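So the sequences go chain by chain: A and B. Take 3 as the starting number for the first sequence in our numbering and just add one per residue. Take 636 as the starting number for the second sequence in our numbering and just add one per residue. All C-beta atoms, glycine included, are put in the ideal place defined by N, C-alpha and C. Computed from a prediction, not measured in an experiment: that's the story for all the values here. First up is the structure itself, then whatever we jot down about it.
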Amino acid sequence: MVEWTDAERKAIIGLWGKIDVGEIGPQALSRLLIVYPWGQRYFKAFGDLSTNAAIMGNPKVAQHGKTVMGGLENAVKNLDNIKQTYAKLSAMHSEKLHVDPDNFRVLAECISLCVAAKFGPSVFTAEVQEAWQKFLSVVVSALGRQYH
Amino acid sequence: MQHFKGHFLLLLEARTGNSICQVLFSQHYTERDRTSATMLSNKEKDLIKEIWERLTPVAAEIGADALLRMFASYPGTKTYFSHLDISPNSSHLLSHGKKIVLAIAEGAQDISQLTVTLAPLQTLHAYQLRVDPRNFKLLSHSMLVSLACYLGDEFTPVAHAAMDKYLSAFAAVLAEKYR
């Protein structure tokens, strides 16, 4: 069971309230595909990923980024039960999608960097970053939990 | 010719003393120079060099910020600093942050020479400091967050990719003498 301090809860919920899922989601997924191109292996059905411009302009990437980011809403609403909340998604990523769970960690890093670039140091302080990254690492762990 | 500083050139000079071969090799290697295990294009190297040059005047602030973020998110890293005052804005934090950023900036001046530039730091980290090299990743990520915060829109996906590769190469070179 994950222990959250009041400060951490406040930071996570506060930051989440500022985030535009339709903006950060596509940015984060694009970055993953650009900075870690081997991640493209999971997106063969997405069409043109051959250049950075293609990735950043790809509507399927944008839609998927939004979907993934939007999924975090469930985690924010269920901070005390993230493992259970993500059990089905975890099984799906393992059994149907066959995604290497290390990619979840990498996407989480990309999300944090997009958030940092968007909000700057006065909002994304070291303390907020700590709470946010702890939150994302719990989600990442929950997503990898049902792999066998 | 100035782009090419690999050992192939020296080998060729020693064997043939043939300047034509030197030119052929330098043309072949001008486009992409191998740096440790990572591929950085000349464009990326220029971008990295330019960014770190610009950040040199605020080295202490950026470095302290990265360290603070690392300590907050990864408390295990604090164990290496029990001899310093690492509270926010402390003089230790600022001077140490500055040292780190200046070393990274210096490496960025000529990335193909990273092994040479970092030789003294390699020895320091391997034999004296003995920081577990897994922590280099943590500082690299924290540094990227500081850069993202500081550069905002300028921290484009291209800059992000280049920086990530450079910091990985830097960390890999730093750990070379460990074992």
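In its chain, beyond the 5 residues on either side, Phe126 have a beta carbon closer than 6 angstroms to the beta carbon of A:Ala118. Taking 8 angstroms as the cut-off, the Cβ atoms of A:Gly67 and A:Pro103 do not count as close. Boundaries cannot be given for B:Pro692, as no alpha helix (DSSP H) includes it and DSSP labels it neither H nor E. Interface flag for A:Phe106 against chain B is unset, since no Cβ pair is found closer than 8 angstroms.
Within the region 776 to 789 of chain B, the residues whose Cβ lies closer than 9 angstroms to some Cβ of chain A are His776, Ser777, Leu779, Val780, Ser781, Leu782, Ala783, Cys784, Tyr785, Leu786, Gly787, Asp788, Glu789, listed in chain order. Only buried fits B:Thr712, as 16 or more other CB atoms lie within 10 angstroms of its CB. Flagged as an interface residue toward chain B: A:Glu132, by a C-beta distance shorter than 8 angstroms.
The beta carbon of B:Glu811 sits closer than 6 angstroms to those of Gln757, all from its chain and outside the five residues before and after it, given in chain order. DSSP, reduced to helix, strand and coil, places A:Thr7 outside both helices and strands of the structure shown, so it counts as coil. Membership of A:Trp40 in any alpha helix (DSSP H) is not indicated, and neither H nor E is assigned to it by DSSP. When DSSP assignments are scanned along the region 66 to 111 of chain A, the uninterrupted stretches of alpha helix (DSSP H) that are 4 or more residues long and fall wholly within it turn out to be 84 to 87, 89 to 97. In the three-state scheme derived from DSSP, where H, G and I count as helix and E and B as strand, B:Lys800 is classed as helix.
Taking a 10 Å sphere around the C-beta of B:Ala783, we find 16 or more other C-beta atoms and assign the residue as buried.
Annotation: the continuous alpha helix (DSSP H) that includes B:Ala783 extends over 769 to 786.
Inclusion of A:Arg11 and A:Leu74 in the CB contact set at 8 angstroms is not warranted, their separation being larger than that value. In the structure shown, the three-state DSSP call for A:Gly19 is helix. At least one CB atom of chain A sits nearer than 8 angstroms to the CB of B:His795. Secondary structure of B:Thr714 (DSSP, three-state): helix. By the Cβ test, the region 92 to 99 of chain A is not in contact with the region 17 to 26 of chain A, since fewer than three Cβ pairs between them sit closer than 8 angstroms. For B:Glu811, there is no enclosing alpha helix (DSSP H), since its DSSP letter is neither H nor E. Burial is judged here by how many other beta carbons sit within 10 angstroms of a residue's own beta carbon; B:Ala804 has at least 16 and is buried. The beta carbon of A:Met58 sits closer than 7 angstroms to the beta carbons of Ser32 from its chain, once the five residues preceding and following it are set aside; these are given in chain order. A:Gly122 and B:Ala796 have their C-alpha atoms roughly 19 angstroms apart. B:Ile735: member of the alpha helix (DSSP H) spanning 726 to 744, first to last residue.
It is roughly 20 angstroms from the alpha-carbon of B:Val766 to the alpha-carbon of B:Leu779.
Annotated three-state conformation of B:Asp700 is helix, per DSSP. Under the criterion of beta carbons closer than 8 angstroms, B:Leu703 and B:Leu728 qualify as touching, at roughly 7 angstroms. DSSP places B:Thr758 inside the alpha helix (DSSP H), whose first and last residues are 754 to 758.
Taking the Cα positions, A:Ser143 is about 12 angstroms away from A:Gln135. DSSP, reduced to helix, strand and coil, places B:Gln748 within a helical segment of the structure shown. When rounded, the separation of the alpha-carbon atoms in A:Gly24 and B:Ala761 is 45 angstroms.
Interface with chain A (8 angstroms Cβ-Cβ cutoff): B:Arg689 is excluded.
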